[in-house]
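Protein sequences appear in the order of chains A and B. In terms of full-length UniProt numbering, the numbers along the first sequence are unbroken and rise by one, the last being 469. In terms of full-length UniProt numbering, the numbers along the second sequence are unbroken and rise by one, the last being 94. Beta carbons are placed, not taken as given, at the ideal position from N, Cα and C, and that holds for glycine. Report on one structure; see the data block that follows.
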Amino acid sequence: MEILINLGYLVAAVLFILGIKGMTTPKTAVRGNQFSASGMLIAVIVALLDHNVVSYEYIIIGVLIGGTIGGIMAKKVAMTDMPEMVAALNGIGGGASLLVAAANYLESQKLAEMGKFVPTYDWSIAVILSILIGAVTLTGSFVAVGKLKGKIGDSNKVKLFKWIVKLCLLTLLAGAGYFAAVDPLHADLLVAGLIVLCLVLGVCLVMPIGGADMPVVVSLLNSYSGLAGAAAGFVLGNNGLIITGSLVGASGIILTSIMCKAMNRSLTNVLFGGSMAATAGVSKSENDAFYEGKVKFSSADELAMLLDGAQKVVFVPGYGLAVAQAQHATRELANMLEANGAEVKYAIHPVAGRMPGHMNVLLAEAEVPYDQLVEMDTINPEFSQTDVAIVLGANDVVNPAASKDPNSPIFGMPILDVHNARTVVVVKRGLSPGFAGIPNELFIRDNSLMVSGDAKKVLQDTISALKDL
Amino acid sequence: MEMFIMSLTIFVLAIFVGVEVINKVPPTLHTPLMSGTNAISGIVVVGAILSSGGSEHTTVLSTVLGVAAIALATINIVAGFMVTDRMLNMFKKK
Chain A
1 MEILINLGYL VAAVLFILGI KGMTTPKTAV RGNQFSASGM LIAVIVALLD
51 HNVVSYEYII IGVLIGGTIG GIMAKKVAMT DMPEMVAALN GIGGGASLLV
101 AAANYLESQK LAEMGKFVPT YDWSIAVILS ILIGAVTLTG SFVAVGKLKG
151 KIGDSNKVKL FKWIVKLCLL TLLAGAGYFA AVDPLHADLL VAGLIVLCLV
201 LGVCLVMPIG GADMPVVVSL LNSYSGLAGA AAGFVLGNNG LIITGSLVGA
251 SGIILTSIMC KAMNRSLTNV LFGGSMAATA GVSKSENDAF YEGKVKFSSA
301 DELAMLLDGA QKVVFVPGYG LAVAQAQHAT RELANMLEAN GAEVKYAIHP
351 VAGRMPGHMN VLLAEAEVPY DQLVEMDTIN PEFSQTDVAI VLGANDVVNP
401 AASKDPNSPI FGMPILDVHN ARTVVVVKRG LSPGFAGIPN ELFIRDNSLM
451 VSGDAKKVLQ DTISALKDL
Chain B
1 MEMFIMSLTI FVLAIFVGVE VINKVPPTLH TPLMSGTNAI SGIVVVGAIL
51 SSGGSEHTTV LSTVLGVAAI ALATINIVAG FMVTDRMLNM FKKK
């Protein structure tokens with residue numbers, strides 16, 4: 001039986017790998033996801049066959065509660081809210097790992113009383129790591145959700161949080177050392193204290209990070225949620241958990257490094273450097289003076305005329321598109337332009353939006369063909385042949401200062417070279433600075449026009465103006 | 001200790017497999033990749049099932065924790081796979 005169970009976990013792990021492999025093209029991705037889901041089903045069935053499972057009523061209760069909540073979440077969530085959804089799921093995963101570690105700790109005490117278990121150093125270390133990663137993922141993710149929703153603002157108490165983090169880590173190290181070295185099986189209070197400590201640590205690690213850096217944080221917490229599972233696998237001695245946890249961990253790490261590269265910042269700088277707007281940003285009056293009298297304002301009617309004669313149009317979506325829910329209006333306008341004979345593309349910066357691939361999902365929802373979504377390195381040489389580039393709620397990722405001004409806080413960050421287009425139309429609600437807290441030279445260039453307003457409204461007005469032409 | 005080294009070996013090798021496979025996922029699918037891996041990390045439900053299966057070495061508290069863990073992990077699994085499927089179908093249409 002034991003052999004059969006372990007073979008079952010192996011099959012599940014293979015299905016997960018095949019499932020992720022399916023994600024390498026949009027065509028095979030749906031099937032890939034089904035592979036992963038069947039792998040999960042096998043893993044669950046195998047676990048139910050384990051000789052340690054003698055009654056099913058509690059299991060069924062747990063599954064019913066979780067399944068209902070999960071199903072409702074998946075059906076109801078809007079595509080614009082995917083970053084919050086993924087962040088929340090990261091946290092829930094971390095919470096589950098934490099609870100498994102705690103439950104296993106209590107069971108090990110009982111087993112030891114029965115003389116069936118002797119704690120080892122590696123078991124003690126695995127328990128502590130599992131608690132640490134699980135708890136940090138849990139609270140860290142929910143702080144991230146709050147920041148994504150805009151309910152938790154950027155903090156200017158970066159130093160205080162850093163100080164608390166250091167204190168937490170030192171206490172944790174001492175506590176963990178005591179736990180492993182002295183008497184791991186009679187340390188209920190210590191374990192409870194360490195759990196609380198790690199929960200606090202999660203909050204203090206994410207609090208000082210700026211809203212703009214959320215793509216990095218969400219990816220990193222995604223990685224943690226996997227590693228938390230792997231750590232639980234070490235505690236339980238379950239290879240299925242270890243393999244799967246490390247797959248998820250690797251995925252999160254890769255996405256984190258892609259996000260960091262796209263912002264030209266190191267992970268340490270993102271995690272401990274504080275919010276850019278709070279450290280390097282300009283004041284409101286400096287910002288106003290920068291733009292004073294230099295921005296050419298335009299209207300939806302003028303934009304429609306401009307687009308009427310355009311051969312090649314590139315849309316540059318940013319977080320503002322998500323906020324305004326303008327993806328469908330964008331697609332409608334693009335359809336009209338294509339019917340007019342124009343070539344339409346979408347330039348996607350890796351950190352546009354609040355999570356990796358955020359813009360792609362929104363535009364896919366509006367049925368934009370994915371081959372029109374072009375990555376930064378491919379689209380940049382094309383801007384010089386572009387008649388109109390329409391920037392929809394993006395700011396820092398199109399700021400030319402990133403490539404020209406060595407004193408700029410975002411210098412070195414790869415940007416979309418929209419300023420090379422014949423005309424750049426910036427659709428934006430106002431002239432307030434972007435996440436980096438600095439003004440954007442693009443808006444005052446000769447070939448730039450500004451249309452103030454909500455992206456969706458402006459696009460709809462442009463569509464009706466185009467119809468009247 | 002032997003058991004630990006075995007597990008560590010598997011852990012390290014699996015990370016390498018993960019990096020190889022995931023590096024090939026195009027940026028377009030990064031959001032579904034994240035929600036999909038969210039679902040997969042619900043595998044910890046396995047540990048939770050073993051804790052709430054009512055065998056002799058469980059206690060009241062450990063069973064309560066186990067059931068709560070099952071509920072959380074199931075949220076991850078169900079919401080993760082369903083929302084990923086929803087997104088991927090939008091990509092598939094064309």
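- Short of 7 Å from the beta carbon of serine 41 of chain B, and not among the five residues preceding or following it, lie these beta carbons of its own chain, in chain order: Asn76.
- The bridge partners DSSP lists for tyrosine 346 of chain A are A/Phe315 and A/Leu373.
- With a threshold of 8 Å between beta carbons, glycine 115 of chain A makes no contact with chain B.
- The alpha-carbon of alanine 187 of chain A is positioned some 18 Å away from that of threonine 58 of chain B.
- The beta carbons of alanine 79 of chain B and alanine 96 of chain A sit no closer together than 8 Å.
- Per DSSP, the continuous beta strand (DSSP E) segment holding isoleucine 390 of chain A begins and ends at 388-392.
- The beta carbons of alanine 455 of chain A and valine 314 of chain A sit about 15 Å from each other, so the pair does not count as a contact at 8 Å.
- Under the three-state reduction of DSSP output, serine 384 of chain A falls in the helix class.
- Taking the C-beta atoms as reference points, serine 223 of chain A is found no nearer than 8 Å to alanine 180 of chain A.
- When secondary structure is reduced to three states using DSSP, phenylalanine 297 of chain A falls in the strand class.
- With fewer than 16 other CB atoms across the displayed protein chains lying within 10 angstroms of its CB, threonine 9 of chain B is exposed.
- Residues of chain B whose Cβ lies closer than 9 Å to the Cβ of phenylalanine 234 of chain A are, in chain order, Phe4, Ser7, Leu8 and Phe11.
- In terms of Cα proximity to valine 145 of chain A, the closest of A/Asp405, A/Asp213, A/Glu375 and A/Thr386 is A/Asp213.
- Between alanine 326 of chain A and leucine 449 of chain A, the C-beta gap is not smaller than 8 Å, which leaves the two residues out of contact.
- Just so you know, the alpha carbons of asparagine 399 of chain A and aspartate 308 of chain A end up roughly 27 Å apart.
- The stretch 10-54 of chain B contains no complete beta strand (DSSP E) run of 3 or more residues.
- CA-CA distance, isoleucine 15 of chain B to leucine 227 of chain A, rounds to 10 Å.
- Counting C-beta pairs closer than 8 Å gives three or more between the stretch 412-419 of chain A and the stretch 373-386 of chain A, which meets the contact rule.
- Sequence-distant partners of alanine 12 of chain A (beyond 5 residues in either direction) whose C-beta falls short of 8 Å from its own C-beta, in its chain, are Gly39, Met40, Ile42, Ala43, Val46, Gly240 and Thr244.
- Taking a Cβ-Cβ cut-off of 8 Å, the neighbours of aspartate 50 of chain A in chain B comprise Ile49, Leu50 and Gly53, given in sequence order.
- Checking the DSSP bridge columns, you'll see serine 448 of chain A partnered with A/Val424.
- Apart from the 5 residues on each side of it in sequence, arginine 331 of chain A sits with its Cβ closer than 8 Å to the Cβ of Leu363, Ala366, Glu367 and Val368 in its chain, given in chain order.
- For valine 458 of chain A, the closest Cβ of chain B is not nearer than 8 Å.
- Close CB contacts of methionine 413 of chain A within its chain, under the 7 Å cut and outside five residues either way in sequence, are with Met263, Asn264 and Ala402 (chain order).
- The CB of lysine 294 of chain A never comes closer than 9 Å to any CB in chain B; the least such distance is about 35 Å.
- Across the set A/Thr120, A/Met73, A/Thr24 and A/Leu469, the C-alpha of A/Thr24 shows the shortest separation from the C-alpha of lysine 92 of chain B.
- In the structure shown, proline 439 of chain A falls within a coil segment according to DSSP collapsed to helix, strand and coil.
- In this structure, the alpha-carbon of glycine 71 of chain A lies about 18 Å from that of valine 30 of chain A.
- Taking the CA atoms as reference points, serine 225 of chain A sits about 44 Å from isoleucine 444 of chain A.
- Think of a sphere of 8 Å around the beta carbon of glutamate 107 of chain A: the chain B residues whose beta carbon falls inside it are Ser51, His57, Thr58, Thr59 and Ser62, in chain order.
- The alpha-carbon separation between glycine 237 of chain A and phenylalanine 4 of chain B amounts to approximately 8 Å.
- In terms of beta-carbon proximity, histidine 419 of chain A stays away from the interface with chain B, with every pair separated by 8 Å or more.
- Here glycine 177 of chain A is exposed: its Cβ has fewer than 16 other Cβ atoms, across all protein chains shown, within 10 Å.
- For glutamate 2 of chain A, no chain B residue has a Cβ inside 7 Å of its Cβ, as the nearest lies near 13 Å away.
- Around serine 36 of chain A, the same chain offers Phe16 and Gly19 as residues with beta carbons nearer than 6 Å, after the five sequence neighbours per side are excluded.
- For leucine 363 of chain A, the enclosing alpha helix (DSSP H) has its first and last residue at 358-365.
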